[in-house]
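One structure below.
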Amino acid sequence: MPHKPIEWCQLLHPGPKRAFTTDEMARAGSDSPSPTLLASAAINFAAIAFVVLQLAPASQTARLSAALVALAVLGSAAARWLWWRPWARPLLQAQLGVTATVVLMVLGISWRVPDRADREAIALALILGVSLLVTALWFLVVWRANQIEARLREQAEREKAIEMARRLAAAQMEPHFLFNTLASVQHWVQTKDDRAAALLAALTGYLRATLPMFNRPMVAAKEELAAVERYLQVMQARMGTRLVWRCDVDEALQGLQLPPGVLLTLVENAVVHGLEPQLGGGELVLRGRAQGAIAHIEVIDNGPGPHPAIQEGVGLTNIRARLALACGTKASLTLGPAPDGGFRAELQLPLKMDKS
Amino acid sequence: MTRVLIADDEEAPREQLLAALKQAWPSAQVVAAAGNGVDAWDAFLEHEPDVCFLDIRMPGLSGIDVARRIGDQAQVVFVTAFGDHAVAAFDAGAVDYLLKPVDAERLAQAVQRLRARRSPATADGAAGMQALLRQLAEQMRRPAPLAVLQAGVGREVRMIRTDEVIYFESDSRYTRVVHASGDALIRTPLKELLAQLDEQVFWQVHRSVIVNHRHIAAAVRVDEGHIHLALRGRSETLPVSRHFQALFKGQ
């Protein structure tokens, strides 16, 4: 255990250290106190007031009641003020302010009360009241800060999920891919080359398969593989003899459910980073096997293989996150060098998806 | 007559640019249409064109790499598909580029600009462009430089460490590797080897010669326009062609 120093400022004035910005307060702390909260505060105060009045001598009830009302007004004003700034420094200011006011109040009353025992009883009752109030303010600030922090955290997580979905869609619809393909289509249309029709058909098929695919949480491997094949057909038309590819997947895997775009991303990575940068192009193999209850899918290219200095990109991070979300720890993605040089990505998934 | 080089690794866009260029600039002569960066650079050295249209993503050497090597020796127009991150840098740096599929009107504008400033760019402009290209080149992922060469000699395959190589020389269909303890022939063409070597160590000094700069003893001016390299502890000299003479200008 590392030695932790004492935080002296927390001893002097405890409370949440984080001061929220105006923007954070607007996003997560713009709500007024709920009626339930106000009612429970009122009931608690009434209970305390009752106890204080019971303890004090009957002769001082009028004075004490007035003092308690003043305390309630003061306390609720401080609470309201803290509601919009729930962190340590305003808390300290409010607590000092309330305590100072009550001390003045005690001195003021004592001056007019002749009996010493009565004076002491009033002072005791008011000091008890103010310590409860100061503690209540502290509770309020801690509770409110936690509430705002939780809301901010939730918002950040929601934004992250949206960002991830957006990036996924962007990664699939890479404009570079689209426009490069269109450049070939345009030229072959202009020159009345037959390859135009085939390339356009493959591109259309790819778009038709991928666009609706990403709206769903899971797709059948059959659909995903159809999109992969369309993609490879497009790249084949563009790269010509520089691309050789083969898909060999067991019949048993056709019904396998997986998060959409996983295989497509692996295949795109193999083509874009493994084969396209090679002068002579290369070969891509997609192989799927069922072993017991586990599906093994490999995407192998014979490009330059893993680069030690290259970090996993958005596409791969995305895949890992979605696999974990869909299958928990039962799914795995292993990346590394292929046995004969090149790059190999291996995906393992449970064949049957149980929702447990 | 303006001599033009075109480079794109995909056939259709290359052909499209070629056809569009014929329309937009009938007087230009396309001296080479290369299918990758390595061929583009080799064709540049062979033909010394005035204008180069370079695709950015190409195998071997990228369009950025080729442009960096060309320096101020020719005008460069990049050709790229929408979505390339370099485009933003080009916009900021006033570098000419065309988007694929190449639009006839945009091409005509680019040609007009090229014809308007026929002389190579000003020194300041060229230096700025070089800095931008260097920056873009650093962002690209590239494989680690080649560490070992495998040369078949008779029945054995010799492993030659690249850091022991003194120089490489094109020898018809082969590349001759001269190293500390002899020489050998490998099948990889010099132009392809170039893209796999560490640029800092191996300097290309001629279309058919790459030399490990640590072995250069002196650059000797033979006559106007001719420089030879003398090597440490060796009797042979290596020629430096015109494009590379700026490497040896003294301080």
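Protein chains in written order, with our numbering: chain A, 28 to 383; chain B, 1025 to 1275.
Cβ coordinates follow ideal geometry from the N, Cα and C atoms, glycine included.
Since this is a predicted model, take the numbers as computed values, not measurements.
How big is the Cα-Cα spacing for residue 319 of chain A and residue 250 of chain A? 22 Å
Taking the beta carbon of residue 292 of chain A as the centre, do at least 16 other beta carbons fall within 10 Å, making it buried, or is it exposed?
buried
- State the Cα-Cα distance for the pair residue 1053 of chain B and residue 1042 of chain B, rounded to the nearest angstrom. 10 Å
What does residue 201 of chain A touch in chain B if you count any residue whose Cβ is under 7 Å from its own?
-> 1107
### Query
When the Cβ atoms of the stretch 49–58 of chain A are set against those of the stretch 162–178 of chain A, are three or more pairs found closer than 8 Å?
yes
For residue 36 of chain A, does the count of other Cβ atoms within 10 angstroms reach 16, so buried, or fall short, so exposed? exposed
**Asked** With burial defined as no fewer than 16 other Cβ atoms inside 10 Å of the residue's Cβ, what is the status of residue 262 of chain A: buried or exposed?
**Response** buried
Worksheet item: Where do the N-terminal and C-terminal ends of the alpha helix (DSSP H) with residue 971 of chain B fall, by residue?
Response: Outside the shown range of chain B (1025 to 1275) lies residue 971 of chain B, about which nothing can therefore be said.
*Closest residue to residue 346 of chain A among A:308, A:281, A:294 (Cα-Cα distance)*: A:294
* **Test: residue 1236 of chain B CB closer than 8 Å to a CB of chain A** => no
| request: With a cut-off of 8 Å on the beta carbons, I'd call residue 1107 of chain B and residue 1219 of chain B a contact; round off their distance for me. | output: Not confirmed; about 25 Å, so no contact.
* Asked: Closest to residue 1215 of chain B by CA distance: which of B:1055, B:1272, B:1067 is it?
  -> B:1067
Looking only at its chain, what residues have a beta carbon closer than 8 Å to the beta carbon of residue 97 of chain A, apart from the 5 residues adjacent to it on each side? 132
- Query: On the three-state DSSP scale, how would you describe residue 284 of chain A?
  - Reply: strand
Proximity test, Cβ basis, 8 Å: residue 1054 of chain B and chain A
no
- Paired residues, beta bridge with residue 1236 of chain B - DSSP: B:1226
Where are the beta strand (DSSP E) runs, 3 residues long or more, that stay fully inside the stretch 72–128 of chain A, in chain order? none
To the nearest whole angstrom, what separates the beta carbons of residue 315 of chain A and residue 322 of chain A, a pair I think is in contact under 8 Å? 7 Å
| said: Looking at the secondary structure, which residues open and close the alpha helix (DSSP H) in which residue 217 of chain A lies? | reply: 202–217
| task | With distances taken Cα to Cα, identify the nearest neighbour of residue 365 of chain A among A:354, A:101, A:325, A:211. | result | A:325
Margin query: Please return the same chain residues whose Cβ sits closer than 8 Å to the Cβ of residue 1201 of chain B, not counting the five positions on each side in sequence.
Written below: 1173, 1175, 1184, 1189, 1192, 1207, 1208, 1209, 1210
*Secondary structure of residue 1279 of chain B, DSSP reduced to three states*: Here chain B covers residues 1025 to 1275 and nothing more, so residue 1279 of chain B does not appear.
Exercise. Whose C-beta lies closer than 7 Å to the C-beta of residue 1269 of chain B among residues of the same chain, with five residues either side of it excluded?
Worked result: 1251
Please check if any C-beta of chain A sits within less than 8 Å of the C-beta of residue 1084 of chain B.
yes
When B:1221, B:1199, B:1150 are compared against residue 1168 of chain B, the one with the closest alpha-carbon: B:1221
For residue 1198 of chain B, which beta-bridge partners are listed by DSSP? B:1195
message: What does the Cβ neighbour count give for residue 211 of chain A, buried or exposed, with the cut at 16 atoms within 10 Å?
response: buried
In whole angstroms, give me the CA-to-CA distance for residue 1079 of chain B and residue 50 of chain A. 46 Å
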